[in-house]
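Engineer: Right, I'll just put the structure down here and ask away after.
In my numbering, the protein residues as written are 124 to 758.
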């Protein structure tokens with residue numbers, strides 16, 4: 124490892140994206156390819172076989188994200204344990220390369236093969252009707268989500284006998300995912316009142332799963348006897364609540380898989396997921412155990428977890444509460460920087476360096492869906508109808524959850540070189556991400572959509588590294604000054620110095636080595652899906668809808684009420700006034716005339732209009748985005 128003073132430390136934060144995780148995967152693939160070539164070039168320079176290579180270091184210390192971004196963080200953490208080739212437009216037809224790259228295979232190939240595409244998987248009813256996995260025939264999601272576990276297992280269950288050397292990835296890499304925890308953490312605060320002390324109870328549903336990579340040797344267990352009530356924010360906690368993950372021994376890889384599936388469990392659309400963690404990892408984490416952010420107090424009771432060594436939660440998409448966890452990435456990175464300082468007073472006084480002349484860490488956000496909506500019209504019209512107010516309330520709640528006051532304030536700092544963003548750009552077109560249709564689910568309808576976004580991610584990343592991931596040479600940043608001493612070409616563009624030089628090594632031991640520019644990532648053709656394919660989904664949609672309607676009331680432990688028996692709630696009043704079911708009271712005049720037949724007919728004929736409604740919505744959105752090839756009109 125080179126001198127710490129000559130190293131940039133990076134945290135990569137990946138926002139939620141549903142199927143547009145393909146874009147994020149393409150960006151990560153290109154970053155890893157560039158780091159790999161630069162590291163090879165530096166090694167050859169140290170061996171005297173190359174010259175003119177920028178010699179500073181760039182190390183990724185933190186990988187994290189929400190939803191598809193959190194899943195990509197977990198996939199990347201596993202993928203970098205082994206060597207793999209980047210997937211480019213030149214080699215994508217090589218199935219061995221494409222399937223061997225976990226980023227491409229997980230986000231572009233998904234579960235597709237020659238005989239079955241993603242919509243065939245997602246509209247099937249196996250998840251409801253398969254007794255082996257769902258004995259109660261519960262409806263757990265709009266789509267069949269079984270493929271998510273298959274994909275996560277294929278990457279995260281792999282054992283690695285020898286880790287591939289990547290000096291640009293921290294050996295103890297921090298990995299995290301955001302989670303919306305439906306169980307929540309219960310807090311109780313004691314207040315002094317005029318009548319004595321009173322308790323105020325609340326629940327926190329914002330959750331994170333924190334991990335750190337460990338080496339191939341078995342790691343000492345985390346101490347479990349921490350007295351939380353006597354612990355303050357300044358105390359050193361074992362492992363700081365990070366769950367060690369070892370891809371050689373398999374230690375906690377299943378927990379990482381659960382966290383990856385949990386953060387990607389898009390509400391209603393995809394199945395919610397369990398996550399089982401050791402309670403100590405929550406107790407020892409200052410982002411979850413709030414006492415660790417302040418001082419111990421008798422006014423605050425921290426029995427916020429139930430008794431027991433394990434804490435089991437039910438979770439949905441982390442993006443519901445924090446879709447762009449920039450601040451957590453920044454704090455984890457700052458903590459790592461702070462912990463390198465040996466002097467206690469200096470460590471306590473640490474503040475991140477942000478100016479071009481001194482910064483030594485960066486957070487890079489990859490966001491396939493930045494909020495680029497047009498400014499609201501001046502002539503705002505309040506619409507008070509219930510049908511307008513309900514979606515507005517939901518939108519306002521989500522918008523407020525996404526609002527980060529400190530980040531807005533910090534954005535006005537003119538000389539902050541620690542914050543960078545990669546977002547989709549495609550030649551001034553309004554809609555750049557093909558997978559962005561249908562709220563992010565569009566990519567599941569077409570592999571071409573996912574391929575387009577993956578290669579757009581690579582193209583955007585290439586341009587970003589060359590043109591924007593830089594600092595002015597005149598600032599005299601000591602890391603860049605060291606790195607570019609004696610360098611007159613590579614990584615220098617218009618008096619700006621690249622933090623991560625995008626160069627390629629060519630040649631061999633016999634003929635010698637040289638440096639060259641990375642090959643231009645050409646624009647991948649904007650994809651389209653055939654209208655006939657969308658229309659052809661109607662029968663599968665009808666079957667799925669009917670299955671959902673038939674089983675939507677099923678759940679584990681359900682008791683079918685006897686209309687003449689006691690009400691399940693135990694209420695004497697409801698037992699008296701609810702002797703008939705809602706359906707029986709509503710259509711009582713049909714008694715003896717085949718009520719069950721009418722209900723069955725309602726389900727049978729209702730599925731057709733519902734399928735048409737969904738197909739219409741798909742066509743409207745994709746047509747607006749230019750994603751439909753109207754082959755139906757050509758026939």
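Where is the CB? At the ideal position from N, CA and C, for every residue including glycine.
Bear in mind the structure is a predicted one, so any value in this text is a computation, not a measurement.
Are the beta-carbon atoms of residue 383 and residue 275 separated by less than 7 Å?
Structural biologist: A contact, by the Cβ cut-off of 7 Å.
Engineer: Expressed to the nearest angstrom, what Euclidean distance is found between the alpha-carbon atoms of residue 569 and residue 652?
Structural biologist: Spanning the two alpha carbons is a distance of roughly 7 Å.
Engineer: Which residues does DSSP pair with residue 637 in a beta bridge?
Structural biologist: Residue 637 is bridged to 629.
Engineer: Is it true that the region 738-748 meets the region 560-574, where meeting means three or more beta-carbon pairs spaced less than 8 Å apart?
Structural biologist: The region 738-748, when compared against the region 560-574, does touch it at the 8 Å Cβ threshold.
Engineer: For residue 265, which residues from the same chain have a beta carbon less than 6 Å from its beta carbon, with the 5 sequence-adjacent residues on both sides left out?
Structural biologist: Contacts found: 391 and 392.
Engineer: Buried or exposed: which applies to residue 408, given that a residue is buried once 16 or more other Cβ atoms fall within 10 Å of its Cβ?
Structural biologist: It is buried - the Cβ of residue 408 has at least 16 other Cβ atoms within 10 Å.
Engineer: Around the Cβ of residue 606, are there at least 16 other Cβ atoms within 10 angstroms (buried) or fewer (exposed)?
Structural biologist: Flag for residue 606 reads buried.
Engineer: Tell whether a beta-carbon distance below 7 Å holds between residue 267 and residue 245.
Structural biologist: Yes, these two residues count as a Cβ contact at 7 Å.
Engineer: Check whether the Cβ atoms of residue 623 and residue 613 sit closer than 7 Å, and answer yes or no.
Structural biologist: No, the Cβ-Cβ distance between residue 623 and residue 613 is not below 7 Å.
Engineer: Using only CA atoms, which one of 174, 151 and 565 lies nearest to residue 776?
Structural biologist: One cannot answer for residue 776 here, as it falls past the ends of the chain, which runs 124 to 758.
Engineer: Is it the case that the region 164-171 contacts the region 593-611, given that we only count it when at least three CB pairs across the two stretches are under 8 Å?
Structural biologist: Touching, no.
Engineer: Tell me the DSSP secondary structure of residue 577 in three-state form.
Structural biologist: The answer is helix: DSSP assigns residue 577 an H, G or I state.
Engineer: So for residue 336, helix, strand or coil by DSSP?
Structural biologist: Strand, per DSSP.
Engineer: Check the C-beta distance from residue 402 over to residue 432 and give it rounded, since I have them as a contact under 8 Å.
Structural biologist: Confirmed, Cβ separation roughly 6 Å.
Engineer: Would the beta-carbon of residue 153 fall within 7 Å of that of residue 491?
Structural biologist: No; because the gap between Cβ atoms is not below 7 Å, this pair is not in contact.
Engineer: If we ignore side chains and look at the alpha-carbon of each, how far apart do residue 437 and residue 400 end up?
Structural biologist: Cα to Cα, the separation comes out at about 12 Å.
Engineer: Whole-angstrom Cβ separation of residue 543 and residue 485, contact assumed at under 8 Å?
Structural biologist: Yes, they are in contact, since the Cβ atoms of residue 543 and residue 485 sit about 6 Å apart, within 8 Å.
Engineer: Is DSSP giving residue 750 helix, strand or coil here?
Structural biologist: DSSP places residue 750 in coil when its eight states are reduced to three.
Engineer: Do residue 129 and residue 179 come within 7 Å of each other at the CB atom, strictly closer than that value?
Structural biologist: Yes, they are a contact pair.
Engineer: By the three-class DSSP mapping on this structure, what secondary structure does residue 296 have?
Structural biologist: Reduced to three states, the DSSP call for residue 296 is strand.
Engineer: If residue 379 sits next to residue 197, beta carbons under 8 Å apart, how far is it from one beta carbon to the other, in whole angstroms?
Structural biologist: The pair is a contact, with the Cβ atoms about 6 Å apart (cut-off 8 Å).
Engineer: Less than 7 Å between the beta carbons of residue 192 and residue 133, yes or no?
Structural biologist: Contact: no.
Engineer: Which ranges would you report for the alpha helix (DSSP H) in the region 444-507 if only whole runs of at least 4 residues count?
Structural biologist: With a minimum length of 4 residues, the continuous alpha helix (DSSP H) runs that stay inside the region 444-507 are 449-462 and 467-471.
Engineer: What does residue 323 pair with, by DSSP beta-bridge criteria?
Structural biologist: For residue 323, which the question treats as bridged, DSSP gives the partners 312.
Engineer: Thinking C-beta only, is residue 177 closer than 7 Å to residue 629?
Structural biologist: No, Cβ-Cβ distance for residue 629 and residue 177 is not below 7 Å.
Engineer: How would you write the range of the alpha helix (DSSP H) that residue 160 sits in, first residue to last?
Structural biologist: Per DSSP, residue 160 belongs to the alpha helix (DSSP H) from 144-169.
Engineer: Between the beta-carbon of residue 654 and the beta-carbon of residue 751, is there less than 7 Å?
Structural biologist: Contact flag set, yes.
Engineer: Can you tell me which of the three DSSP states residue 667 falls into?
Structural biologist: DSSP places residue 667 in helix when its eight states are reduced to three.
Engineer: First and last residue of the alpha helix (DSSP H) that includes residue 250?
Structural biologist: 249-252 is the span of the alpha helix (DSSP H), which, as asked, contains residue 250.
Engineer: How is residue 698 classed by DSSP in three states: helix, strand or coil?
Structural biologist: Of the three classes helix, strand and coil, the one that applies to residue 698 here is helix, per DSSP.
Engineer: Given a cut-off of 7 Å on the beta-carbon distance, is the pair residue 302 and residue 334 in contact?
Structural biologist: Going by C-beta atoms, residue 302 is not nearer than 7 Å to residue 334.
Engineer: Can you tell me which of the three DSSP states residue 370 falls into?
Structural biologist: Of the three classes helix, strand and coil, the one that applies to residue 370 here is coil, per DSSP.
Engineer: Quick check on residue 325: buried or exposed, where buried means 16 or more other Cβ atoms within 10 Å of its Cβ?
Structural biologist: Exposed, by the Cβ-count rule.
Engineer: Based on the DSSP secondary-structure assignment, which residues constitute the bridge partners of residue 131?
Structural biologist: Bridge partners of residue 131: 181.
Engineer: Is the beta carbon of residue 287 closer than 7 Å to that of residue 206?
Structural biologist: Yes, the Cβ-Cβ distance between residue 206 and residue 287 is below 7 Å.
Engineer: Quick check on DSSP: helix, strand or coil for residue 271?
Structural biologist: Correct three-state label for residue 271: helix.
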